[in-house]
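Residue numbers (our numbering): 365 to 779.
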Amino acid sequence: MSMRIGIIGGGAAGLFAACQLKRLSGSSDIEITVLEKNPVPGKKLTLTGHGRCNITNRKDPSVLKNCYHEAGNFIYPALKEFGPEDTIRFFENDLGLKTKEEDNNRIFPVCDSAVTVRDTLVSYISDHVKVLSGANVLDIKKGDAFEVNTAKGRLEFDTVIISCGGSSFPKTGSEGDSYKFLEGFGHTVIPARGALAPVKADTESAVLTKALSGVSLEAKVSLYLSDRQSASTKGEILFADFGLTGPAVMEIAREIPADITGMNAYLELDLIPSMSDEEFDRELIGLIGEHPDTKITNLIARYIPASVAGEISARAGSADIYAQGFSKENRRKLLRETKHLKINIAEAPSLDKAYVTRGGVSLKEVDRKTMQSKLVPGLYIIGEALDVDGISGGFNLQACMSEAYLAAKSILSMQ
Ligand SMILES: Cc1cc2nc3c(=O)[nH]c(=O)nc-3n(C[C@H](O)[C@H](O)[C@H](O)COP(=O)(O)OP(=O)(O)OC[C@H]3O[C@@H](n4cnc5c(N)ncnc54)[C@H](O)[C@@H]3O)c2cc1C
C-alpha cells in the first residue's frame with residue numbers, strides 16, 4: 365500500500381513541503397494531500413514582500429543562522445542542508461522562475477509577483493498532489509494511523525506534516541490552529557507574540573509621529589523597559605500616524621513583552637547614529653562658530669530630513685534660534701531630542717498586524733535534523749507553527765523552505 369502523507373495547511377511551508385516531496389520522491393509509492401482551510405492555498409504568501417515575495421536571502425548559512433534570534437542553532441542544520449542557493453536553484457530550475465538579488469542580499473523573483481510564485485508552486489505540484497481547499501481541519505488523532513477530521517469529511521494518513529502557521533496576520537488563515545493540534549499531542553507551546561510588527565505610540569508621542577508621517581531615515585532604535593535598555597538595533601525607521609514602523613522598528617518589536625503595564629516602555633531613537641553624543645556636540649559647536657547667522661534648524665537639517673529637523677528643534681525649543689544665540693543649555697536639549705528621542709509605547713505589538721509570530725511549539729520537542737516530533741513518531745512540524753522567527757529580508761520563507769526539505773527527506777527515507 366502506498367504511504368499516505370497529509371499536509372495540514374497549504375501556506376508557504378505546506379506548499380514547499382508538497383514540492384519537495386514531489387521532487388525527491390522518484391519512484392516512491394506515496395499519496396500526498398494538502399488540506400487548506402481557505403478557498404485557495406497560499407493567501408499569506410501572496411502578500412509577501414509587498415506583493416513581490418522576498419523568497420530568500422543570499423547569505424552563507426553560518427551568517428544566516430544569526431538572523432533567527434534564539435532559534436539559530438535549531439535552524440542551522442536545515443539551512444546547511446537546503447540553504448539560499450538551493451532555494452534559488454529550485455525556483456529557477458524546477459519552477460522556472462528567474463530570480464534577482466536586491467540590497468542586503470534579498471532575493472526576489474524577476475516577475476516581482478508573489479501571486480505568480482503561489483500559482484507556480486500550486487501548478488508544480490498539481491500532477492502529484494491532491495490539494496483540498498476549503499478543508500478546514502477540526503481535529504487530528506493518532507491510532508494506527510492519523511485520523512484527520514475536516515469540514516469536508518474524515519481522512520486517514522500514515523504521516524502528517526503540521527504547517528498551519530502561527531497566529532499573526534490571522535485574516536490570512538493562520539489563526540493558531542497548529543498550537544491546538546500540537547498541544548493535543550502533548551507538545552509545549554510557547555505563547556505567541558507579535559514579531560516584525562509596527563509599534564503603536566501613546567497619544568503624546570503620536571503627535572510627533574503623525575506630524576512626520578511618511579518620513580523615513582536611518583536610526584539607532586533602543587527599547588527601554590522599566591528604565592533599562594533591553595534591546596537595540598540600527599536600520600531604517602518610518603514615522604506613521606499611529607507610531608513607528610520600518611525594518612528596524614519591526615525587528616525590535618519582538619522584544620516588547622506581551623504585557624507592558626507599569627513598565628514605562630519606550631523606544632529611544634538616535635537620529636544621527638553615525639556620531640556619539642560628544643562628537644555631535646563638538647560638530648554643533650563647530651557649525652555654530654562657522655554659521656552664526658543661520659538658524660539651528662537649518663544646521664541640523666544637514667544630518668536629518670528637513671521636516672524632522674523642524675519638529676526636533678521645535679521640541680527642543682530652538683526652532684527660531686540663530687546659531688549665535690545658541691546656549692549650552694539649548695545644545696543639551698537639542699542633543700536629547702536628536703539622539704535620545706523618546707517614543708512611548710502604547711501597547712504590545714498586535715498579532716493582527718505582525719508579519720511573523722514569535723512563540724510556537726517548543727524546539728526542544730522537535731528533531732532539528734528531520735523536523736519530526738520527538739513525542740509523536742510520524743508527526744512533522746514546519747513553518748511558523750515552530751518557535752522560530754527570523755528578521756525581515758527573506759529569512760522566514762527560507763526557514764519554511766529548509767524545514768520543508770528536511771521533513772520531506774525524512775518522510776521519504778521511511779519508505
Ligand atoms: C504582509 C506579510 C509580508 C511578508 N513578507 C515576507 C517576505 O517577503 N519574505 C519572507 O521571508 N517572509 C515574509 N513574511 C512572513 C511569511 O509569509 C511567513 O513566515 C510564512 O508565510 C509562514 O508560512 P507558514 O506556512 O508557516 O504559515 P502560513 O503562510 O500562514 O500558512 C498557514 C496555512 O495554513 C492554513 N490553515 C490554518 N489552520 C488550518 C486548519 N485548521 N485547516 C486547514 N488549513 C489551515 C492557513 O489558511 C494558511 O494557508 C511576510 C508575512 C506577512 C504577513
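For glycine and all other residues, C-beta sits at the position ideal for the given N, C-alpha and C.
For Tyr719, the Cβ falls inside the 7 Å cut-off from some heavy atom of ligand 1. Bridge partners of Ala559 according to DSSP: Val720. Residue pairing of Gly517 in beta bridges, as defined by DSSP: Thr514.
Taking each of Glu511, Gly370, His492 and Leu443 in turn and checking the Cα distance to Ser391, the smallest one comes out for His492.
By the Cβ-count criterion, Glu701 is buried, with 16 or more other Cβ atoms from all chains shown falling within 10 Å of its own Cβ. Counting only runs of 4 or more residues that sit fully inside the stretch 448-514, the alpha helix (DSSP H) segments are 448-453 and 478-489, in chain order. For Arg387, same chain residues with a beta-carbon under 7 Å away, outside a window of 5 residues either side, are Asp458 in chain order. By the Cβ neighbour-count rule, Gly498 is exposed, with fewer than 16 other Cβ atoms within 10 Å of its own. Where Gln762 is concerned, the enclosing alpha helix (DSSP H) starts and stops at Phe759 to Ser777. Short note on Ser714: C-beta not closer than 7 Å to any heavy atom of ligand 1.
Annotation for Lys703: no beta strand (DSSP E) segment contains it, though the alpha helix (DSSP H) segment containing it runs Lys692 to Lys703.
When the five nearest sequence neighbours on each side are left out, the beta carbons in the same chain lying within less than 7 Å of the beta carbon of Arg470 are those of Asn418, Asn421, Gly757 and Gly758, in order along the chain.
When C-beta atoms of the stretch 577-591 are compared with those of the stretch 540-548, fewer than three pairs fall below 8 Å, so the two segments do not count as touching. Counting along the chain, Asp541 sits inside the alpha helix (DSSP H) bounded by residues Asp541 to Gly548. Here Phe603 carries a strand assignment [DSSP, helix/strand/coil].
At least one heavy atom of ligand 1 sits closer than 7 Å to the Cβ of Pro405.
Excluding the 5 residues flanking it on each side, Leu519 has same chain C-beta neighbours closer than 6 Å at Val512, in chain order. Secondary structure note for Leu587: it is in no alpha helix (DSSP H), and the uninterrupted beta strand (DSSP E) holding it is Ser580 to Leu589.
Taking 7 Å as the cut-off, one finds at least one heavy atom of ligand 1 near enough to the beta carbon of Ile372.
Here Leu698 is buried, its C-beta having at least 16 other C-beta atoms within 10 Å. Following the DSSP letters along the chain, one finds Thr625 in no beta strand (DSSP E), marked with neither H nor E.
Considering only Ser366, Asp657 and Gly537, the residue with the shortest C-alpha distance to Gly375 is Gly537. Pairing Gly558 with Ser594 gives a Cβ-Cβ distance that is not under 8 Å.
Put simply, the backbone Cα of Thr463 is about 32 Å away from that of Val524. Note that the stretch 738-757 touches the stretch 710-729; at least 3 beta-carbon pairs, one per stretch, sit closer than 8 Å. Here the alpha carbons of Asn468 and Lys429 stand approximately 15 Å from one another. In the DSSP assignment, Val571 falls within the alpha helix (DSSP H) that extends over Thr567 to Ala575. In the same chain as Leu589, and ignoring 5 residues on each side of it, the C-beta atoms closer than 6 Å to its own belong to Met627 and Ala629, in chain order. The C-alpha of Ile745 lies about 41 Å from the C-alpha of Ser569. Nearest to Met614 by alpha-carbon distance, out of Ile664, Leu631, Pro562 and Glu647, is Pro562.
The three-state reading of DSSP puts Thr412 in helix, counting H, G and I together. Per DSSP, Met639 is not a residue of any beta strand (DSSP E), being assigned neither H nor E. Relative to Ala617, the option among Leu635, Ser640, Glu647 and Lys564 whose CA is nearest is Lys564.
Out of Gln762, Asp605, Tyr543 and Glu445, the CA that lies nearest to the CA of Asp566 is found in Asp605.
For the set Ala442, Lys505 and Glu600, the Cα lying nearest the Cα of Asn760 is the one of Ala442.
Here Ile554 has Gly723, Gly724, Ser726 and Asp751 as same chain residues with Cβ atoms under 7 Å from its own Cβ, once five neighbours each way along the sequence are excluded.
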